[in-house]
Amino acid sequence: MQQVAEWVAATSASLWVQEYFWLVPLLQTIHILAVAMVLSSVAMISLRILRVARSTTITQTAQRFVPWIWTGLSLQLMTGVVLIVGEPKRTIAGNPAFYVKMLLLALAVAGALVFQSSVRRDSAFWENATKRSKLKSVLVFAYFALWCNIVFAGRWISYLHGG
Amino acid sequence: LGPKLQSITEFMSWLESLRLSLFIRESWWAFPTVEAFHIIALTLVVGTIAVVDLRLLGLASTNRPVTELCAEVLPWTWGAFVLAAFCGSLMFISHTTAYYGNHALQIKMALLLLAGVNMLTFQIVTYRGVKQWDRDAAGPPPAKIAAAISLSCWIGVVFFGRWIGFTILPE
Numbered sequence: 008m009q010q011v012a013e014w015v016a017a018t019s020a021s022l023w024v025q026e027y028f029w030l031v032p033l034l035q036t037i038h039i040l041a042v043a044m045v046l047s048s049v050a051m052i053s054l055r056i057l058r059v060a061r062s063t064t065i066t067q068t069a070q071r072f073v074p075w076i077w078t079g080l081s082l083q084l085m086t087g088v089v090l091i092v093g094e095p096k097r098t099i100a101g102n103p104a105f106y107v108k109m110l111l112l113a114l115a116v117a118g119a120l121v122f123q124s125s126v127r128r129d130s131a132f133w134e135n136a137t138k139r140s141k142l143k144s145v146l147v148f149a150y151f152a153l154w155c156n157i158v159f160a161g162r163w164i165s166y167l168h169g170g
Numbered sequence: 004l005g006p007k008l009q010s011i012t013e014f015m016s017w018l019e020s021l022r023l024s025l026f027i028r029e030s031w032w033a034f035p036t037v038e039a040f041h042i043i044a045l046t047l048v049v050g051t052i053a054v055v056d057l058r059l060l061g062l063a064s065t066n067r068p069v070t071e072l073c074a075e076v077l078p079w080t081w082g083a084f085v086l087a088a089f090c091g092s093l094m095f096i097s098h099t100t101a102y103y104g105n106h107a108l109q110i111k112m113a114l115l116l117l118a119g120v121n122m123l124t125f126q127i128v129t130y131r132g133v134k135q136w137d138r139d140a141a142g143p144p145p146a147k148i149a150a151a152i153s154l155s156c157w158i159g160v161v162f163f164g165r166w167i168g169f170t171i172l173p174e
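As you go down the protein sequences, you meet chains S and D in turn.
The first sequence runs 8 to 170 under our numbering.
The second sequence runs 4 to 174 under our numbering.
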């Protein structure tokens with residue numbers, strides 16, 4: 008991966024990102040705003056499943072907020088790719104925080120997909136408060152914790168990179 | 004505190020000399036950890052505020068009463084804000100003399116203040132008549148203006164907050 012990082016760093020796309028000093032903070036800002044979309048949407052759905060909020064159905068809450076999870080993830084992907092191209096040695100050249108983050112992110116994407124299709128297929132399971140309520144609570148807390156750990160791993164990228 | 008602290012500069016170096024500040028500064032894990040909690044909290048603040056702002060603008064959750072949405076969302080916004088402010092303060096005291104006088108931080112604080120004044124004005128003036136437009140698809144013009152100012156301020160707060168990290172390099 009070291010060679011890949013060096014090759015990417017020499018491309019004109021990478022040099023372009025490196026040249027504009029305001030581009031990296033701007034991209035990171037959009038990246039953080041995208042995290043705000045995802046984390047807040049996850050929080051809103053979580054509060055509804057935990058029945059802290061109850062004025063809408065779970066299906067309605069999912070329809071309202073799951074699309075924002077995908078919008079946020081797409082924005083994170085786009086800004087993230089440019090940030091990697093701009094500073095490849097910081098991430099893909101063996102930074103453990105980066106790889107942990109990608110692994111957790113894959114789990115988070117899978118979790119969102121499973122939840123989305125589960126609500127579509129069996130909304131009654133989710134709407135029924137008495138059905139497997141403990142399991143649902145555990146899943147909600149685990150999923151929110153997963154996203155918090157993605158933020159942690161993301162922040163650690165800047166402390167664990169060698170180059 | 005005492006007579007020794009005669010100026011703001013002395014106060015700042017006193018803050019920086021606290022054992023807690025020293026610990027955050029010197030420990031290898033404390034600062035990144037506080038930073039991560041700060042980001043988790045601030046993304047919840049900005050995201051939940053956006054939920055309300057987009058409702059006022061008539062762009063999302065338009066079928067829900069404004070009062071119901073506010074009652075459900077805003078307590079969490081405040082909780083997250085307290086956590087973000089707490090973590091922000093811990094970061095501040097760890098490098099007080101560097102942060103104090105940092106322009107990015109000053110602009111961020113000014114935008115926070117503007118967001119606060121905007122919110123207060125909205126609460127005291129516009130929100131008082133909420134019963135008349137609670138179920139409308141969008142708020143009245145003053146509510147829309149307040150929502151637009153709020154969204155802009157918070158995006159600015161995130162940008163200048165991130166900018167601080169680029170103007171002060173960790174040692």
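Positions of the beta carbon are idealized from the N, C-alpha and C atoms, including for glycine.
Item to check | Interfacial residues, the stretch 29 to 41 of chain D to chain S, with Cβ spacing under 7 Å | outcome: Pro35, Glu38, Ala39
Checklist entry - What alpha helix (DSSP H) runs, 4 residues minimum, are completely inside the stretch 74 to 133 of chain S? => result 95 to 98, 103 to 128
Item to check | Under 8 Å by beta carbon: chain D residues contacting Ser47 of chain S | outcome: Taking the first sequence and counting its residues from 1, the one referred to as residue 47 of chain S is at position 40. The answer, in chain order, is Thr46, Leu47, Val49, Gly50, Thr51, Ala53, Val54.
Next on the checklist: Along the chain, where does the alpha helix (DSSP H) containing Asn156 of chain S start, and where does it finish?
Outcome noted: Along the first sequence, read from residue 1 onward, the residue named residue 156 of chain S stands at position 149. Where Asn156 of chain S is concerned, the enclosing alpha helix (DSSP H) stretches over 140 to 167.
Checklist entry - In three-state DSSP terms, what is Val11 of chain S? => result Position 4 of the first sequence, counted from the start, is the residue given in the question as residue 11 of chain S. Helix, per DSSP.
Next on the checklist: Quick check: the Cα distance between Pro145 of chain D and Cys73 of chain D, rounded to an integer number of angstroms?
Outcome noted: By 1-based counting over the second sequence, the position of residue 145 of chain D is 142. By 1-based counting over the second sequence, the position of residue 73 of chain D is 70. Distance between the alpha carbons of Pro145 of chain D and Cys73 of chain D: 17 Å.
Item to check | 8 Å Cβ cut-off: residues of chain D touching Arg2 of chain S | outcome: No answer is possible for residue 2 of chain S: the residues shown for chain S start at 8 and end at 170.
Next on the checklist: Just to confirm before moving on: does the CB-CB distance between Asn121 of chain D and Ile152 of chain D stay below 8 Å?
Outcome noted: Locating residue 121 of chain D in the second sequence gives position 118, counting from the first residue. Locating residue 152 of chain D in the second sequence gives position 149, counting from the first residue. Yes.
Next on the checklist: Is there a C-beta anywhere in chain D that falls below 8 Å from the one on Arg97 of chain S?
Outcome noted: Stepping through the first sequence from its first residue, residue 97 of chain S is reached at position 90. Chain D contact via Cβ: absent.
Checklist entry - Just checking my contact of Gly50 of chain D with Leu46 of chain S at CB under 8 Å: how many whole Å lie between their CB atoms? => result Counting from 1 along the second sequence, the entry for residue 50 of chain D is found at position 47. Counting from 1 along the first sequence, the entry for residue 46 of chain S is found at position 39. So it is a contact: roughly 6 Å between Cβ atoms.
Item to check | Rounded C-alpha distance that separates Val11 of chain S from Pro78 of chain D | outcome: On the first sequence, position 4 is the one that residue 11 of chain S refers to. On the second sequence, position 75 is the one that residue 78 of chain D refers to. Computed Cα separation, rounded: 47 Å.
Checklist entry - For Arg162 of chain S and chain D, any beta-carbon pair shorter than 8 Å? => result Against the first sequence, residue 162 of chain S aligns to sequence position 155. At least one CB atom of chain D sits nearer than 8 Å to the CB of Arg162 of chain S.
Checklist entry - For the candidate residues S:Ile157, S:His168, S:Gln123, S:Val147, whose alpha-carbon lies nearest to that of Ala41 of chain S? => result If you number the first sequence from 1, residue 41 of chain S lands on position 34. The residue with the shortest Cα to Cα distance from Ala41 of chain S is S:Ile157.
Checklist entry - Is Asn105 of chain D helix, strand or coil when you go by DSSP? => result Mapped onto the second sequence, residue 105 of chain D falls at position 102. Asn105 of chain D: coil per DSSP, three-state reduction.
Checklist entry - According to the neighbour-count rule (16 or more other Cβ atoms, all chains shown, within 10 Å of its Cβ), is Ala150 of chain S buried or exposed? => result Start at 1 with the first residue of the first sequence, and residue 150 of chain S comes out as number 143. Ala is not the amino acid found at residue 150 of chain S; the sequence shown has Tyr there. Under this definition Tyr150 of chain S is a buried residue.
Next on the checklist: Can you tell me where the alpha helix (DSSP H) holding Pro143 of chain D begins and where it ends?
Outcome noted: Start at 1 with the first residue of the second sequence, and residue 143 of chain D comes out as number 140. No alpha helix (DSSP H) holds Pro143 of chain D; DSSP gives it neither H nor E.
Checklist entry - So, are the CB atoms of Met44 of chain S and Gly101 of chain S less than 8 Å apart? => result Here residue 44 of chain S is taken as the residue at index 37 of the first sequence, counted from 1. Here residue 101 of chain S is taken as the residue at index 94 of the first sequence, counted from 1. Taking 8 Å as the Cβ cut-off, Met44 of chain S and Gly101 of chain S do not qualify as a contacting pair.
Checklist entry - Taking the C-alpha atoms as reference points, what is the distance between Ser92 of chain D and His41 of chain D? => result For the purposes of this step, residue 92 of chain D is identified with residue 89 of the second sequence, where counting begins at 1. For the purposes of this step, residue 41 of chain D is identified with residue 38 of the second sequence, where counting begins at 1. So the alpha carbons of these two residues sit roughly 10 Å apart.
Checklist entry - Does any C-beta atom of chain D lie closer than 8 Å to the C-beta of Phe122 of chain S? => result Residue mapping note: residue 122 of chain S aligns to position 115 of the first sequence, counting from 1. It does not; no Cβ of chain D falls within 8 Å.
Item to check | Cut-off 8 Å between Cβ atoms - residues of its own chain near Glu174 of chain D, not counting five sequence neighbours on either side | outcome: One-based indexing of the second sequence puts residue 174 of chain D at position 171. For Glu174 of chain D, the pLDDT reaches just 44, beneath the cut-off of 50, and the residue's location in the model is therefore unreliable, although a value from the coordinates is still provided. Result list for Glu174 of chain D: empty, nothing under 8 Å.
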